[in-house]
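Let me begin by presenting the structure, written as C-alpha cells, before commenting on it.
In the working numbering, the protein residues as written are 15 to 118.
In C-alpha cells form, the structure reads like this:
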C-alpha cells in the first residue's frame, strides 16, 4: 500500500487548482486515479496528457513511492501555445492521507 499526493494546476504556482492524497494498493489503481484527472481536464478543453504519458507518470511515481520525487504530465488549454499547466504526483505519507481525510 502506498500514498500519493495528486495535484493539477499552474506549474510553479504556490497553490494548485486541485490537490488531494490517495491510498493506492496497486500501480493500476494509481494510474486509474491519474487517468480520471486527465480525462476531466481534457473534457474541460485541456490539451496533452496522452494515455502513454499518464502510464509513464503512474509508473514513475509508483517506483518512487518510498523515496522522493515529483513527476508531472504537462498540459495546456486550446488557446495557449505553451504548456504552463501540469498534472503532478509525488509520494505522500500515511499521516498526509489521514490529514486529508479529516478535511472532508
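The C-beta atom is built at its ideal place from N, Cα and C for all residues, glycine as well. Being a predicted model, the structure only gives us computed values, none of them experimental.
Proximity winner among the options, relative to residue i (alpha-carbon distances)
{"i": "residue 43", "options": "76, 25, 87", "result": "76"}
{"i": "residue 94", "options": "72, 59, 87", "result": "59"}
{"i": "residue 62", "options": "86, 37, 80", "result": "86"}
{"i": "residue 1", "options": "65, 50, 55, 40", "result": "Beyond the ends of the chain as shown, which are 15 and 118, falls residue 1; an answer cannot be given."}
{"i": "residue 38", "options": "67, 117, 80", "result": "80"}
{"i": "residue 66", "options": "96, 49, 20", "result": "49"}
{"i": "residue 57", "options": "28, 97, 91", "result": "91"}
{"i": "residue 26", "options": "97, 114, 116", "result": "97"}
Paired residues, beta bridge with residue i - DSSP
{"i": "residue 102", "result": "21, 86"}
{"i": "residue 62", "result": "89"}
{"i": "residue 16", "result": "38"}
{"i": "residue 33", "result": "21"}
8 Å contact criterion, which residue i and residue j should meet: CB distance rounded
{"i": "residue 89", "j": "residue 101", "result": "7 Å"}
Beta-carbon spacing of residue i, residue j below 8 Å
{"i": "residue 17", "j": "residue 108", "result": "yes"}
{"i": "residue 83", "j": "residue 99", "result": "no"}
{"i": "residue 36", "j": "residue 52", "result": "no"}
{"i": "residue 106", "j": "residue 19", "result": "yes"}
Sufficient close CB pairs (3 or more, under 8 Å) joining the region 63–81 to the region 36–53: yes
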